[in-house]
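The next block holds one structure in the form of structure tokens; read it before the comments.
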Amino acid sequence: MLKIAVMIKQVPDSQDITIDPVTKTLNRSQARNVVNPPDVNALEAALLLKDKEGGEITVITMGPPMADVALLECMGRGADKGILVTDRFFAGADTWPTSYTLASTADYLGGFDIIFCGEETTDSSTGHVGPGIAEFLGYQQATYVNKVEYEEPFFIAERDIEGATETLRIGKPAVVTITLNANAPRNPTLKKKIEAYKKGITIVANKDLKLDPACIGLKGSPTIVKDMKTVADPVKTPVKPGIEELDKVISVLVERGIVK
Amino acid sequence: MANFKENIKRINSSESISGRMPDYDAIVVGAGNAGSAAAITMASKGLNVLLVDRADPPGAKNLSGGVLWGNDLAEILPKWQTEAPLERFIDNKKIGFLTEKSSIVIDFKTEFFRDNKIAHSVLRAKFDPWMAKKAKEAGALVIPGITVESLAIEDRTVVGIKESGDTITANVVLLAEGVNPRLSIEAGLRKPLQDRELSVGVKEVIKLSAQKIEDRFNLTKESGMASEYIVGSLGNLNIGAFFYTNKESISLGIVSPMEELRRNGVTHTYDLIEKFKSHPSIAPLIEGGTTIEYGAHLIPEGGIDSVPQLYGNGYMLLGDAAGLAFSNGLVLQGMNYAIVSGIKAGEAVAEAKARNDFTAKSLAVYEQKLGSTYALKDLKTFKDIRKVTNNPKMYTVYPQLLEGILLETLWERGQPKKKTRDVIGEAASKLSVGKVKALTDLYGIYRRM
């Protein structure tokens, strides 16, 4: 029976984000929160592994208290437990303390055979946190994976490299990051959601992890945003196809037998 | 009910679930105003309630084009005026006609509305999740993001709901699934709505700063304006329009009977809303605004005749799903009707539970309760209103007649003035409106409205 973790993040739905025309900053106030899309693929990869090998899936997120619904959503899809890592000490973290805090949480929960992460988040796109967790924990890792199988005592991870598939054999325990659209995630079901909402989630705070406040949250974040520039929209020169181009298109279509 | 019998999907006796304890006292399908009101009512009385909604957060997909009247809401959520995400309280109602070049509007601004602040503009995508949250706080289990697939029916009784191969059971299923009640129709609990029973509303939310809104509409920081128009400038179509202020946006839209659109055949609703927006007296009000949201919704406007059987063995129909919306040409209301139906359905379930009887006979108390409120009474009182609101002259000739009279009486042309009687007579003959016909129509409005 495998002990599986999935690390997820609640992000604003990118469809709802607009750019303020004056300040040029992202306006996410109208955006609905969703589970970071590649994380949903990571969860599905974990569920597929569990379906085959058996095991228990713990979904972990670090975020504000309102992120509980993201965990419940994942439990509705089939995860067994939800852990919300939340504390004002953790707030304002860049990817370094985030990886450190999540790795510490995994350790606090007794470690895992395998930890799944999404390849990156849609709201910051660093791709740091999965590998960061692996390094802090000293786990093996494979990134940009689309399929994971278990051949005791190894995990077999498939990664898409352009034009070919690379298959890696990695030891246990391991961290894998899963690519967006790696699989077709199953939907939550009413029955599982009811169970999830009844069961609820567990909160982990720094009184549990006992991490040095200097190493976590904003204080523990070495990244400083020095400047931000908005890239101007590329100038589009609209090409207006004329009759000649249209004739060409038609002749190609006729040539290929698409139209007669 | 014949249809209902035909549609019963019998479950093999081996799978029979009627023998065991149901999972819930009640399952509510749909976290709109009706569903949440029912869930709050039942959960507050200690019942074990499951509220399921397709959207996440619950109710976030809901849409309306009107003002919320909170009389009934106050019954279950007394602090709604301070706690709910409301936009502006309405102390200014306008009703009027639009012709191609004019607007003729009654502008009613009153301190009476300011005193009790009972009417508010709301954005449902915020308001409905709040109501669902209140249901949760009252003790209901609220599950968002799930679309119920079908009803579980056994021995002519609704015994639960089905989703992903699972059946969740309850003594009563409250169907608050909206104007297009798929589950109820598929189970034969009600007939599909016909064109003549429906209107289609098309709406836009236009972002505008609070300052601009307050300046343009002569409002204070919290007060708001709501208006309804008969639009006589859109060819021969019977179109109504609405326009109201939110905190930092305007909601506006058009409402057209489905039959009208079908009859016309060529006009698209988006053209109609564009024409309304570009009307000379509407365009300046939204100038500089950006459309941030648009949507469309069906409105059950069939009146009392299209209200189906409201209950049966193990089920009840609520809100829009039960056709409980009211329109008389002057007002178009649905949210308060939904809330009152939710409260009465919830009370009925609690009483049925005390009797431990969830048959149609026991649930009939729902209709009795609803019948004693304005909800069913209004629909009965105004049962002939469509004869007025469907009269094409209301949208074409009469607005023009009014316009003609006002042009003649309120405008100085440097010509000898005429008596009002002659002005009306001339305007009417210009539009070839027979005096007798006009008087008959006027009497019809007087009698039915």
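Chains as they are written, first to last, in our numbering: chain A, 132 to 391; chain B, 18 to 466.
All C-beta atoms in this analysis are idealised placements derived from N, C-alpha and C, irrespective of residue type, glycine included.
Residue i: CB within 8 Å of a non-hydrogen atom of the ligand FMN
i: T192(A); result: Looking at this structure, you won't find the ligand FMN or any other ligand, since it has none at all.
Rounded straight-line distance, which links the Cα of residue j to that of residue i
i: L349(A); j: V260(A); result: 16 Å
i: T236(A); j: V216(A); result: 8 Å
i: G388(B); j: K370(B); result: 21 Å
i: K324(A); j: F247(A); result: 21 Å
i: A169(B); j: F375(B); result: 15 Å
i: A381(B); j: V366(B); result: 10 Å
i: F221(A); j: I191(A); result: 14 Å
i: S358(B); j: H137(B); result: 20 Å
i: E364(B); j: T174(B); result: 20 Å
i: K181(A); j: G207(A); result: 15 Å
i: I334(A); j: P196(A); result: 9 Å
i: S145(A); j: D170(A); result: 15 Å
i: I360(B); j: G319(B); result: 22 Å
i: P344(A); j: A258(B); result: 59 Å
i: G83(B); j: Y275(A); result: 49 Å
i: L191(B); j: G47(B); result: 9 Å
i: K229(B); j: Q350(B); result: 28 Å
i: F286(A); j: H285(B); result: 57 Å
i: P198(B); j: N133(B); result: 35 Å
i: A362(B); j: I247(B); result: 35 Å
i: E154(B); j: R280(B); result: 48 Å
i: I135(A); j: D211(A); result: 10 Å
i: V137(A); j: E283(A); result: 20 Å
i: A445(B); j: D458(B); result: 14 Å
Residues near residue i in its chain [Cβ-Cβ closer than 7 Å; skip 5 each side]
i: M275(B); result: D212, L215, S216, V217
i: V166(A); result: I139, Q141, A201, E204, C205
i: E104(B); result: H137, S138, V139, L140, G241, N263, K264
i: A101(B); result: F144, W147
DSSP beta-bridge partners of residue i
i: C248(A); result: M138(A), T308(A)
i: M148(B); result: M148(B) pairs with nothing; no bridge assigned.
i: E289(A); result: K278(A), T298(A)
i: H137(B); result: L85(B), F106(B)
i: T333(A); result: I214(A)
i: A258(B); result: Y246(B), I271(B)
i: V190(A); result: V137(A), G213(A)
i: Q271(A); result: A305(A)
i: I44(B); result: L67(B), V190(B)
i: K126(B); result: N109(B)
i: M333(B); result: L191(B), Y328(B)
Cβ neighbours of residue i in the same chain (closer than 6 Å, five flanking residues each side left out)
i: I121(B); result: G113, F114, L419
i: L299(A); result: A273, A288
i: V380(A); result: none
i: Y231(A); result: F267
i: S53(B); result: M148, A149, A152
i: D337(B); result: G195, V196, P317
i: L393(B); result: L387
i: L85(B); result: H137, V139, M352
i: Q326(B); result: none
i: D124(B); result: K111
i: D40(B); result: I185, T186
i: L67(B); result: Y41, I44, L158
i: V483(B); result: Outside the shown range of chain B (18 to 466) lies residue 483(B), about which nothing can therefore be said.
Proximal residues to residue i (C-beta, below 8 Å), its chain only, five neighbours per side dropped
i: L311(A); result: P168, P169, N172, G249, E250
i: P409(B); result: N253, N255
i: T237(B); result: E231
Worksheet item: Of the residues that make up the segment 189-215 of chain A, which ones have a beta carbon closer than 8 Å to any beta carbon in chain B?
Response: V200, E204, G207
Worksheet entry | Near-chain B residues of the segment 308-326 of chain A - C-beta to any C-beta below 8 Å | Only N318, P319, T320, L321, K322, K324, I325 from the segment 308-326 of chain A bring a Cβ to less than 8 Å from some Cβ of chain B.
Item to complete: Let me know the alpha helix (DSSP H) ranges lying completely inside the segment 354-386 of chain A, each 4 residues or longer, listed in chain order.
Response: Fully enclosed alpha helix (DSSP H) runs of 4 or longer: 374-386.
Worksheet item: Can you list the beta strand (DSSP E) stretches of 3 or more residues lying completely in the segment 159-234 of chain B, in chain order?
Response: 167-171, 174-180, 183-192, 215-224
Worksheet item: Using a beta-carbon distance cut-off of less than 7 Å, what residues from the segment 138-159 of chain B approach chain A?
Response: L158
Item to complete: Identify each residue in the segment 44-56 of chain B for which the Cβ-Cβ distance to at least one residue of chain A is less than 7 Å, and report them in chain order.
Response: Those would be none; no residue qualifies.
Worksheet item: Residue ranges of each beta strand (DSSP E) run of no fewer than 3 residues wholly in the segment 423-462 of chain B, ordered along the chain?
Response: none
Fill in: Every unbroken alpha helix (DSSP H) inside the segment 342-421 of chain B [4 residues or more]
Fully enclosed alpha helix (DSSP H) runs of 4 or longer: 352-372, 377-380, 382-388, 391-398, 402-406.
Worksheet item: In chain order, what residues of the segment 327-344 of chain A put their CB closer than 8 Å to some CB of chain B?
Response: Y328, K329
Worksheet item: Which residues, taken in chain order from the segment 174-194 of chain B, show a beta carbon closer than 7 Å to some beta carbon of chain A?
Response: E180, S181, D183, I185
Worksheet item: Listed in chain order, which residues of the segment 251-272 of chain B have Cβ atoms closer than 7 Å to some Cβ of chain A?
Response: none
Worksheet item: Using a Cβ cut-off of 9 Å, which residues of the segment 56-70 of chain B contact any Cβ in chain A, in chain order?
Response: L67, V69
Worksheet item: Given a limit of 8 Å on CB to CB distance, which residues of the segment 70-104 of chain B reach chain A?
Response: Result list: D73, P74, A77.
Discussion item. Quick check for students: name the residue ranges of the alpha helix (DSSP H) that lie wholly in the segment 156-208 of chain A, counting only runs of 4 or more.
Written reply: 168-184, 199-208
Worksheet item: If contact means a Cβ-Cβ distance below 8 Å, which residues of the segment 206-235 of chain B contact chain A?
Response: none
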